[in-house]
Amino acid sequence: MRDETGRLWNVQRINETGSKRFLTGGRKAGLFHLLDTPGGATSLEDLGERPVSSIIIAEGYATAASLHENTGSPCICAFDAGNLKAVAETVRWVLPEADIVLAADNDHTPDTNVGVERATEAARAVGGSVIVPPLNEAQKAAGMTDFNDMT
1 MRDETGRLWN VQRINETGSK RFLTGGRKAG LFHLLDTPGG ATSLEDLGER
51 PVSSIIIAEG YATAASLHEN TGSPCICAFD AGNLKAVAET VRWVLPEADI
101 VLAADNDHTP DTNVGVERAT EAARAVGGSV IVPPLNEAQK AAGMTDFNDM
151 T
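Next comes the structure, spelled out in structure tokens:
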């Protein structure tokens with residue numbers, strides 16, 4: 001988990017059962033992982049040294065990786081919905097002209113859709129846009145929530 005300069009501040013550990021944990025007491029707010037072309041940027045500052053028309057921000061690594069693989073666009077993993085806004089604000093600060101696209105998780109629960117709500121909040125804060133995976137009822141019943149689930 002890096003900042004805009006590429007400095008490593010924290011890591012996310014995923015155990016054999018899929019449980020995700022950050023280092024205890026480690027910073028998370030505004031940190032991310034950047035996926036770019038091989039030999040490309042390793043930080044937002046590096047990315048800012050070349051023309052970037054758009055950048056996609058997703059919650060999880062698998063979603064960001066799938067979107068990067070399918071679009072070729074630089075993609076960012078924010079690690080969770082609660083970090084989307086802080087990451088989007090950092091991206092806007094470093095890349096003021098870029099189109100920022102928030103790839104929401106479609107957390108289709110009866111009461112709320114946290115993924116869409118947080119992505120929308122982040123997009124509004126930076127003048128970005130939101131894309132939501134168009135899941136049909138069978139996909140929802142199968143537990144699909146994000147763009148990675150659809151690939």
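Throughout the sequence shown, residue numbering follows the UniProt record's numbering, covering 1 to 151 in sequence. Backbone N, C-alpha and C fix where the C-beta goes; we use that ideal spot for every residue, glycine too. Treat the numbers as computed from the prediction; the structure is a model and nothing was measured.
Could you check where the alpha helix (DSSP H) with residue i kicks off and where it finishes?
{"i": "Cys34", "result": "A small correction: the amino acid at residue 34 is Leu; Cys does not occupy that position in the sequence shown. Leu34 -> not in any alpha helix (DSSP H); beta strand (DSSP E) instead, spanning 33–35."}
{"i": "Leu95", "result": "Counting along the chain, Leu95 falls outside any alpha helix (DSSP H), and DSSP gives it neither H nor E."}
{"i": "Val114", "result": "114–126"}
State buried or exposed for residue i, treating a residue as buried only when at least 16 other CB atoms are found within 10 Å of its CB.
{"i": "Lys20", "result": "exposed"}
{"i": "Pro85", "result": "One detail in the question is off: residue 85 reads as Lys in this sequence, not Pro. Lys85 comes out buried."}
{"i": "Gly82", "result": "exposed"}
Thinking just about the alpha-carbon of each residue, which of the options is nearest to the one in residue i?
{"i": "His108", "options": "Asp146, Ser53, His68, Leu8", "result": "Asp146"}
{"i": "Thr37", "options": "Ala104, Asn83, Lys85, Cys75", "result": "Cys75"}
{"i": "Thr151", "options": "Val11, His68, Ala123, Ala81", "result": "His68"}
{"i": "Leu8", "options": "Arg50, Leu135, Asn15, Thr42", "result": "Thr42"}
I need the straight-line Cα distance from residue i to residue j, nearest angstrom please.
{"i": "Ala58", "j": "Asp3", "result": "16 Å"}
{"i": "Pro133", "j": "Ala104", "result": "7 Å"}
{"i": "Asp111", "j": "Glu117", "result": "12 Å"}
{"i": "Ile14", "j": "Leu34", "result": "18 Å"}
{"i": "Asp149", "j": "Thr120", "result": "20 Å"}
{"i": "Val130", "j": "Glu49", "result": "25 Å"}
Taking the beta strand (DSSP E) that residue i belongs to, which residues open and close that run?
{"i": "Arg13", "result": "12–14"}
{"i": "Ser43", "result": "Looking at the DSSP string, Ser43 is not in any beta strand (DSSP E), and its letter there is neither H nor E."}
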